[in-house]
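Novice:
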Amino acid sequence: MNKKKNNGLFRIIKVTISNYKLACFFIFIFILISCFANVYGSTFLKDLIDVYIVPMLSQGTPDYGPLVQALITLACIYLAGIFSTYLYNRILLNVALGTLRDTRDHLFEHMETLPIGYFDTHAHGDIMSIYTNDTDTLRQLLTMAIPQMIVSIVTMVSVLISMLILDIPLTIVAIVMAVIMIIVSRFITSRSSLYFRAQQDDLGKVNGFIEEMVEGSKVIKVFCHEEQSLKDFNVVNDQLFKASANANMFANILMPIIGNLGYLSYVFTAIIGSLLALNGIGGLTLGTIAAFLQLNRSFNNPIGQISQQVNSVVMAAAGASRIFELIDTPSEIDDGKVTLTNVEIHEDGSMSETSTNTGHWCWRHPREDGSVELVPLKGDVRFHDVIFGYNEKKTILHDINLFAKPGEKIAFVGATGAGKTTITNLINRFYDIQKGSITYDGIDIKLIKKDDLRRSLGIVLQDTNLFTGTIMDNIRYGKLDATDDECIKAAKLANAHEFIKHLDHGYQTMITGSGTSLSQGQKQLLSIARAAVANPPVLILDEATSSIDTHTERIVQDGMDKLMQGRTVFVIAHRLSTIQNSDAIMVLENGRIIERGSHDELIKQKGTYYQLYTGAFELE
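Numbering (our numbering), first residue to last: 6 to 625.
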């Protein structure tokens with residue numbers, strides 16, 4: 006195992022022990038008691054034969070009392086061992102499952118802090134595999150591998166001490182055979198560990214591929230791509246098969262080989278012990294040999310058990326490394342200090358902060374001299390010589406200058422890849438610009454805390470994401486403390502109320518599978534309602550009507566028009582009919598603004614926009 010994977014494994018063990026100190030202490034104590042009971046049972050054979058059975062054979066009237074007492078004592082010790090085994094397994098289950106719960110909580114909590122760029126560069130199926138397959142390897146590690154290894158090590162140590170007490174020469178024979186077993190085991194597991202790590206990576210790839218195919222099932226059907234998709238799946242599935250087959254091949258041959266070596270050790274011990282006893286060497290008795298043979302089995306079996314669990318440890322190490330790779334991914338940086346706050350406006354026009362939702366908002370801007378400036382939230386957004394690229398090698402936006410005064414509607418037009426959506430992503434600070442500045446009510450957005458910035462923005466996307474829950478829950482997603490009346494008011498504003506009230510359970514209708522039971526237009530109306538309940542001063546509409554029919558578009562457009570009243574609005578649209586009433590239309594080409602003006606002004610210029618409008622050429 007490499008250092009990175011080892012580190013992940015040690016970290017998960019450290020987390021488990023630190024979170025469940027008392028439980029881990031009792032687990033260890035009960036393991037010791039259980040191992041002691043097993044070892045005592047093996048060593049008792051010597052006393053059973055030499056102290057009780059052999060003397061009774063020479064007695065005319067055997068006295069069974071001492072033997073019965075010894076057997077009762079042995080039974081009590083075995084019962085203590087059984088009870089201890091039950092207790093440590095029961096406690097261990099709670100510790101392991103609790104650790105998995107805590108790990109998933111930590112994973113999800115941290116994932117929520119990651120930047121959008123992380124999800125753009127990582128397959129969603131692979132991320133899901135971390136929550137399922139990789140965490141499941143930890144379950145096997147905590148419930149089976151580690152406890153079994155602890156039991157095996159404690160058993161080996163206690164058995165070794167017992168064997169040394171009984172007979173040193175036979176102990177040397179057992180140790181030599183044990184060393185041979187360890188060497189063979191290490192050789193085999195070193196081969197399987199490579200493939201087990203590859204297996205976890207390939208499993209994530211398979212999950213990612215399946216997730217892509219499920220999401221794109223309609224596209225596959227439309228283009229009759231089933232056969233090719235099957236071929237592509239067979240490629241990634243065969244990779245998983247090869248890694249799994251190689252890993253399990255070595256894992257499956259391990260135990261038979263170790264088991265047979267254990268039998269050889271047993272046979273050698275029996276032969277050498279018998280020769281020593283027959284020749285009167287070392288004072289070996291029949292009871293000593295019998296007890297030693299039993300101890301030999303107890304000494305060899307743990308070696309095989311440890312070897313078998315090494316594979317689980319390797320898999321867990323690979324899974325832990327993937328888990329902590331996600332956890333160690335840097336969170337989205339937020340160095341802003343300007344926050345959004347409710348204010349109360351007094352008769353003289355002055356403002357004061359309040360915890361009450363007054364419907365009036367201000368930017369709370371701390372100054373260097375310790376004072377606090379309250380800047381009214383109006384929705385004035387400006388770009389100043391903005392240069393941006395998703396990576397340093399390729400610039401997407403070149404010297405972008407634009408302004409949107411409070412209440413203005415700004416539309417972006419251009420071919421796919423021109424930079425329209427990128428501009429709106431920059432307003433949200435999903436990405437940070439390389440050069441230039443973006444101001445919001447005169448404040449550089451880098452100074453505004455991201456949560457507060459995004460709380461002031463409402464977005465209606467082309468692809469509507471609905472979540473499992475009721476219609477009311479999905480509308481309230483835009484404002485978690487919104488009342489039912491506020492949600493209904495927002496739905497009416499978005500023209501969604503009519504279709505909602507005709508559903509079987511109205512606003513309490515459950516949505517599953519991202520709203521598969523609803524039409525695209527209905528989902529879009531809910532998206533508008535969700536933005537409406539948030540009541541943001543700035544609204545971003547990203548091709549919100551591009552995937553719906555003309556009739557539905559009129560309904561959706563009417564809902565959006567109501568929502569846009571009195572707000573600063575950025576619109577991305579392919580259908581030019583939806584943006585003719587914009588205060589300013591910007592035509593983008595290759596990341597540059599090549600035209601700006603109202604609909605009438607751009608028509609008079611007879612440039613690119615005019616050609617688009619008249620159908621001289623179309624957007625791609």
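Glycine is no exception: its CB is placed at the ideal position from the N, C-alpha and C atoms.
Every value quoted in this text rests on a predicted model; they were computed, and no experiment measured them.
Would you report the Cα separation of Y614 and K455, rounded to the nearest angstrom?
Specialist: The sequence position of residue 614 within the sequence shown is 609, counting from 1. The sequence position of residue 455 within the sequence shown is 450, counting from 1. When rounded, the distance between both Cα atoms is 35 angstroms.
Novice: Taking only the alpha-carbon atoms, compute the straight-line gap between E232 and I225 and give it to the nearest angstrom.
Specialist: Along the sequence shown, one-based indexing puts residue 232 at 227. Along the sequence shown, one-based indexing puts residue 225 at 220. Spanning the two alpha carbons is a distance of roughly 9 angstroms.
Novice: Just the C-alpha distance for G86 and Q74, rounded to the nearest angstrom, thanks.
Specialist: Taking the sequence shown and counting its residues from 1, one reaches residue 86 at position 81. Taking the sequence shown and counting its residues from 1, one reaches residue 74 at position 69. Cα-Cα distance, rounded: 18 angstroms.
Novice: Please classify H579 as buried or exposed, where buried requires at least 16 other C-beta atoms within 10 Å of its C-beta.
Specialist: In the sequence shown, the residue the question calls residue 579 occupies position 574. Buried, since its Cβ has 16 or more Cβ neighbours within 10 Å.
Novice: In three-state terms, what does DSSP make of L37?
Specialist: Locating residue 37 in the sequence shown gives position 32, counting from the first residue. It is helical.
Novice: If we call anything under 8 angstroms between Cβ atoms a contact, is A499 one with I464?
Specialist: Here residue 499 refers to the residue found at position 494 when the sequence shown is read from its first residue. Here residue 464 refers to the residue found at position 459 when the sequence shown is read from its first residue. No, these two residues do not count as a Cβ contact at 8 angstroms.
Novice: Does I649 come out as helix, strand or coil in the three-state DSSP assignment?
Specialist: The structure shown does not extend to residue 649, since the chain spans only 6 to 625, so no value can be given for it.
Novice: Kindly indicate the opening and closing residues of the beta strand (DSSP E) around S587.
Specialist: Sequence index remark: in the sequence shown, residue 587 carries index 582 (1-based). Premise fails: S587 is in no beta strand (DSSP E) and is neither H nor E.
Novice: Measuring alpha carbon to alpha carbon, tell me which residue in D509, L407, D563 is nearest Q529.
Specialist: Stepping through the sequence shown from its first residue, residue 529 is reached at position 524. Residue D563 is the option with its Cα nearest to Q529.
Novice: Give the C-beta separation of I443 and L462 to the nearest angstrom, bearing in mind that I take them to be a contact with Cβ-Cβ under 8 angstroms.
Specialist: One-based indexing of the sequence shown puts residue 443 at position 438. One-based indexing of the sequence shown puts residue 462 at position 457. That pair is no contact at about 12 angstroms.
Novice: Compute the beta-carbon to beta-carbon distance between V240 and V211, rounded to the nearest angstrom, for a pair I have assumed lies under 8 angstroms.
Specialist: Start at 1 with the first residue of the sequence shown, and residue 240 comes out as number 235. Start at 1 with the first residue of the sequence shown, and residue 211 comes out as number 206. That belief does not hold up - the Cβ atoms of V240 and V211 are roughly 10 angstroms apart, past 8 angstroms.
Novice: Between M626 and S234, what straight-line distance do the alpha-carbon atoms span, to the nearest angstrom?
Specialist: Nothing about residue 626 can be reported from this structure: the residues present for the chain run from 6 to 625 only.
Novice: State whether the segment 269-279 contacts the segment 244-257, with contact taken as three or more CB pairs (one from each stretch) at a distance under 8 angstroms.
Specialist: In short, these stretches do not touch, since the Cβ pair count stays below three.
Novice: Quick check: L92 and F35, are their CB atoms within less than 8 angstroms of each other?
Specialist: Reading the sequence shown from its first residue, position 87 is the one you call residue 92. Reading the sequence shown from its first residue, position 30 is the one you call residue 35. Closer than 8 angstroms, so yes.
Novice: When the distance is taken between beta carbons, is V386 closer than 8 angstroms to V543?
Specialist: The sequence position of residue 543 within the sequence shown is 538, counting from 1. The sequence position of residue 386 within the sequence shown is 381, counting from 1. Yes, the pair counts as a contact, with Cβ atoms nearer than the cut-off.
Novice: Fully enclosed by the segment 206-283, which alpha helix (DSSP H) runs are 4 residues long or longer?
Specialist: If we require 4 residues or more, the alpha helix (DSSP H) runs fully inside the segment 206-283 come out as 222-227, 231-283.
Novice: Are three or more beta carbon pairs between the segment 118-132 and the segment 24-43 nearer than 8 angstroms?
Specialist: As far as the Cβ criterion goes, the segment 118-132 does not touch the segment 24-43, which means the pair count is below three.
Novice: Within 10 angstroms of the Cβ of K484, are there 16 or more other Cβ atoms? Answer buried if so, exposed if not.
Specialist: Stepping through the sequence shown from its first residue, residue 484 is reached at position 479. The residue in question, K484, is buried, as its Cβ has 16 or more Cβ neighbours within 10 Å.
Novice: Considering only residues of the same chain and omitting the five flanking positions on each side of N301, which have a CB-CB separation below 7 angstroms?
Specialist: Translated into positions along the sequence shown, residue 301 becomes position 296. Correct list, in chain order: A179, S270, Y271, T274.
Novice: Just to confirm my understanding: we take S336, look at its own chain, exclude 5 residues before and 5 after, and list those with CB closer than 6 angstroms. What are they?
Specialist: Against the sequence shown, residue 336 aligns to sequence position 331. Excluding residues within five positions, the ones whose Cβ falls inside 6 angstroms are T118.
Novice: Taking just the CA atoms, how far does S190 sit from L143?
Specialist: Sequence index remark: in the sequence shown, residue 143 carries index 138 (1-based). Sequence index remark: in the sequence shown, residue 190 carries index 185 (1-based). Approximately 23 angstroms, taken between the alpha carbons.
Novice: According to the Cβ coordinates, are H370 and I450 closer than 8 angstroms?
Specialist: For the purposes of this step, residue 370 is taken as the residue at position 365 of the sequence shown. For the purposes of this step, residue 450 is taken as the residue at position 445 of the sequence shown. Result no, Cβ atoms of H370 and I450 do not sit closer than 8 angstroms.
Novice: Within its chain, find whatever has a CB closer than 8 angstroms to the CB of G334; leave out the 5 residues flanking it on each side and keep chain order.
Specialist: Start at 1 with the first residue of the sequence shown, and residue 334 comes out as number 329. In the sequence as presented, Gly is not what sits at residue 334; that position holds Thr. Only H115, L119, Y123 meet the Cβ criterion.
Novice: Within 10 angstroms of the Cβ of R106, are there 16 or more other Cβ atoms? Answer buried if so, exposed if not.
Specialist: Here residue 106 refers to the residue found at position 101 when the sequence shown is read from its first residue. Under this definition R106 is an exposed residue.
Novice: Return the CA-CA distance between N362 and G511, expressed in angstroms with no decimal places.
Specialist: Position 357 of the sequence shown, counted from the first residue, corresponds to residue 362. Position 506 of the sequence shown, counted from the first residue, corresponds to residue 511. Going from the Cα of N362 to the Cα of G511 covers about 28 angstroms.
Novice: Under 8 angstroms between the Cβ atoms of G264 and G221?
Specialist: Numbered from 1 along the sequence shown, position 259 holds the residue referred to as residue 264. Numbered from 1 along the sequence shown, position 216 holds the residue referred to as residue 221. No.
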